[in-house]
Amino acid sequence: MKRALFYSLFFIFSSSFLFAQRVCDSAVVADKEVVGPIHSSGKPDADLAVKDSTGLYFEKEHSVAWFTFVIPEDTLLTFDLLPSVAGDDIDFLLFKDEKGNFCKNLRAHKVRALRSNLARCDKSVEYKTGLSSMGKHNYEGPGINPSYSNPLKVKKGERYYLAVDNYSSANRPFVLLLHLRWKRPIPQPKKSQAPPSANMKLNITIADSEGRLVKARLKIAGATRKEIDTSNTFKYQLTLQHRQKIKISCIAPGYLLDQAYLQAPVGGDVFFDTIRMIAIKEHQNMVLQDIEFVADQAAFMTSATEPLSNLLDFMQINPKVNILIKGYVNDPAQVNSNKYDQNLSEERAKAVQKYLNDNGISIKRMECTGFGSKNMLYPNPITIEEQQANRRVEIEIE
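If you use our numbering, the sequence shown corresponds to residues 23 to 420, in order.
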């Protein structure tokens, strides 16, 4: 009897250990905006299935795909899960790895999801789910509930695990869009025995998340500003000095506005970069870098001229796109009243709307709202740059 009990306990412990190890060993590392298409490849496991848990666990035993990612900068975490087949019902649980003990705690059943969504798929949002500013609760249980849950404040260096269940069909893939400030890696040039020249060639390729080439308009800001006519080609070449820093804005019909910073390497004669464009879909957010405001005012800073022009180009080149302009303020200590912060954030959103309307964009294509000091990119700003980044607007596709 004791031996049978020992083997039973050993089997339970071993099964839990193997499950936890499988999670840690096979979780897909997400270190960029777009991950996938991907689908679950493991066997159904009951460890995350608890009936009537009101969103804290999955309701039924299903095969789950795991992701893991490390936060690159302090921000507000949002993401989208996009099914490859219309009507697929995607559910998820989001966990934080506390002190590097996630797998151990998972094995001991001590983990608890920080966010989840098990709601029925919704055609009005193209069957997507995730975390978004339009979310209402941290957890959404099964049934007719909102498809998005609340965003989550995260800090640089924190690790998270995301369990995704395609409730409709575990074998069908989906795509994960992580809205984090990923640093674009700069490929190192091949070593050459010849001494490097004073300048180097930057070769840029424009493609979508699936690798298809995209015709786009590029704006290059650096030592000299240059706008390139890209109507007949998908690839571009620029001459840069070593260590020269540039900002590239990429605008294409049917795609979100893309902004990236690059710095030329110290040596070499040539290096390459691919700009990945994301197709426009409803309820996607664009955080336009450098549309920033003077403290306690709805007046633009000088640095806002270029990104405002890019937003105008985006609206002109995508005439069927309607947007929601969302304003924010920097008030981490809640010095001002909620009413003051709310009014200021709305005035900042209206300032962007007025700029676009003054330049020919119909007022019918734009709505405005303010969020006061909520959802700051830097909840505890230290530098002037972090404070300015909090005084911003975000653009949501409607």
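From the three backbone atoms N, C-alpha and C, an ideal C-beta is built for every residue, glycine too.
These figures come from a predicted structure and were not determined experimentally.
Item to complete: Report the option in 240, 408, 133, 147 whose CA atom is closest to the CA atom of residue 328.
Response: Comparing Cα-Cα distances from residue 328 to each of 240, 408, 133, 147, the minimum goes to 240.
Item to complete: Indicate whether residue 164 and residue 100 have their beta-carbon atoms separated by less than 7 Å.
Response: With contacts defined as CB atoms closer than 7 Å, residue 164 and residue 100 fail to qualify as a contacting pair.
Practice prompt. Return helix, strand or coil for residue 163, following the three-state DSSP convention.
Written response: Coil.
Practice prompt. Classify residue 107 as buried or exposed, calling it buried when 16 or more other Cβ atoms lie within 10 Å of its own Cβ.
Written response: So residue 107 ends up on the exposed side.
Worksheet entry | residue 374 - containing alpha helix (DSSP H), residue span | In this chain, the alpha helix (DSSP H) harbouring residue 374 covers 360 to 380.
Discussion item. Do residue 141 and residue 120 have their beta-carbon atoms positioned less than 7 Å apart in this structure?
Written reply: Cβ distance not < 7 Å, so residue 120 and residue 141 don't count as in contact.
Practice prompt. Keeping to the same chain, check which residues put their C-beta closer than 6 Å to that of residue 180; ignore five residues upstream and five downstream.
Written response: Correct list, in chain order: 93.
Worksheet item: What beta strand (DSSP E) runs, 3 residues minimum, are completely inside the stretch 99 to 145?
Response: Segments of the beta strand (DSSP E) lying fully in the stretch 99 to 145: 101 to 105, 112 to 118, 137 to 139.
Worksheet item: Is the CB of residue 271 under 7 Å away from at least one CB in chain D?
Response: In the structure shown, chain D does not exist; there is a single protein chain.
Worksheet entry | Nearest residue (CA-CA) to residue 303, options 113, 418, 143 | The candidate whose alpha carbon is nearest that of residue 303 is 418.
Worksheet item: How is residue 193 classed by DSSP in three states: helix, strand or coil?
Response: Looking at residue 193 - three-state DSSP - the assignment turns out to be coil, as it is neither helix nor strand.
Fill in: Reference residue 412; option with closest CA among 59, 370, 112, 224
Looking at the Cα atoms, 370 is the closest of the given residues.
Fill in: residue 354 versus residue 97: straight-line alpha-carbon distance, rounded
Rounded to whole angstroms, residue 354 to residue 97 spans 13 Å at the Cα level.
Practice prompt. Output the distance between the C-alpha atoms of residue 300 and residue 348, rounded to the nearest integer angstrom.
Written response: Each residue's Cα considered, the two are about 20 Å apart.
Worksheet item: Taking only runs of the alpha helix (DSSP H) that begin and end inside the stretch 315 to 346, which ones reach a length of at least 4 residues, in chain order?
Response: Runs of the alpha helix (DSSP H) lying entirely within the stretch 315 to 346, each at least 4 residues long, are 327 to 339 in chain order.
Practice prompt. Measure from the alpha carbon of residue 331 to the alpha carbon of each residue in 287, 361, 273, then state which is nearest.
Written response: Checked all of 287, 361, 273; the closest Cα to residue 331 is 273.
Practice prompt. Can you give me the start and stop residues for the alpha helix (DSSP H) that residue 87 sits inside?
Written response: Annotation: residue 87 is outside any alpha helix (DSSP H); the continuous beta strand (DSSP E) that includes it extends over 87 to 92.
Worksheet item: Just how far apart, CA to CA, sit residue 389 and residue 277?
Response: Each residue's CA atom was taken as its position, placing residue 389 and residue 277 some 20 Å apart.
Item to complete: For residue 315, collect the residues of the same chain with a Cβ closer than 7 Å to its Cβ; drop the 5 residues on either side in sequence, then sort them by chain order.
Response: Same-chain partners within the cutoff: 321, 322, 323, 370, 413.
Worksheet item: Beta carbon of residue 86, beta carbon of residue 185: below 7 Å?
Response: Going by C-beta atoms, residue 86 is nearer than 7 Å to residue 185.
Discussion item. If contact is defined by three or more beta carbon pairs under 8 Å, each pair taking one atom from either stretch, is the stretch 188 to 201 in contact with the stretch 111 to 120?
Written reply: Segments in contact, yes.
Worksheet item: Which stretch, first to last residue, makes up the alpha helix (DSSP H) that contains residue 406?
Response: Bounds of the alpha helix (DSSP H) holding residue 406 are 406 to 412.
Practice prompt. Please state whether DSSP places residue 415 in a helix, a strand or coil.
Written response: Of the three classes helix, strand and coil, the one that applies to residue 415 here is strand, per DSSP.
Worksheet entry | Residues of its chain near residue 151, where Cβ-Cβ distance is below 6 Å and the 5 sequence neighbours each way are ignored | These residues qualify, in order along the chain: 103, 112, 139, 169.
Discussion item. Taking a contact to mean a Cβ-Cβ separation below 7 Å, would you say residue 268 touches residue 242 in this structure?
Written reply: One thing to note: residue 268 has its Cβ within 7 Å of the Cβ of residue 242.
Fill in: 6 Å Cβ shell around residue 366 - same chain, five flanking residues per side excluded
Around residue 366: 351.
Discussion item. Pull the bridge partners of residue 171 from the DSSP assignment, please.
Written reply: Residue pairing by DSSP places residue 171 opposite 153 in a beta bridge.
Worksheet entry | Contact set for residue 363: own chain, Cβ-Cβ below 7 Å, skip 5 residues either direction | Closer than 7 Å at the Cβ level, and outside the excluded window around residue 363, lie 351, 353, 394, 395.
Practice prompt. Would you be able to state if there are at least three C-beta pairs under 8 Å between the stretch 396 to 405 and the stretch 370 to 386?
Written response: Verdict: no, contact absent.
Discussion item. Suppose you measure from the CA of residue 222 to the CA of residue 264; what does that come to, to the nearest Å?
Written reply: Each residue's Cα considered, the two are about 7 Å apart.
Fill in: Cβ neighbours of residue 231 in the same chain (closer than 7 Å, five flanking residues each side left out)
Take residue 231, set aside five residues on each side of it, and the residues of its chain with a beta-carbon closer than 7 Å to its own are 56, 298, 300, in chain order.
Discussion item. Tell me the rounded alpha-carbon separation between residue 270 and residue 171.
Written reply: Spanning the two alpha carbons is a distance of roughly 33 Å.
Worksheet item: Are the CB atoms of residue 260 and residue 284 nearer to each other than 7 Å?
Response: The answer is no: Cβ separation not under 7 Å.
Worksheet item: Between residue 308 and residue 416, which are expected to be in contact by the criterion C-beta below 8 Å, what is the C-beta distance as a whole number of angstroms?
Response: The pair is a contact, with the Cβ atoms about 7 Å apart (cut-off 8 Å).
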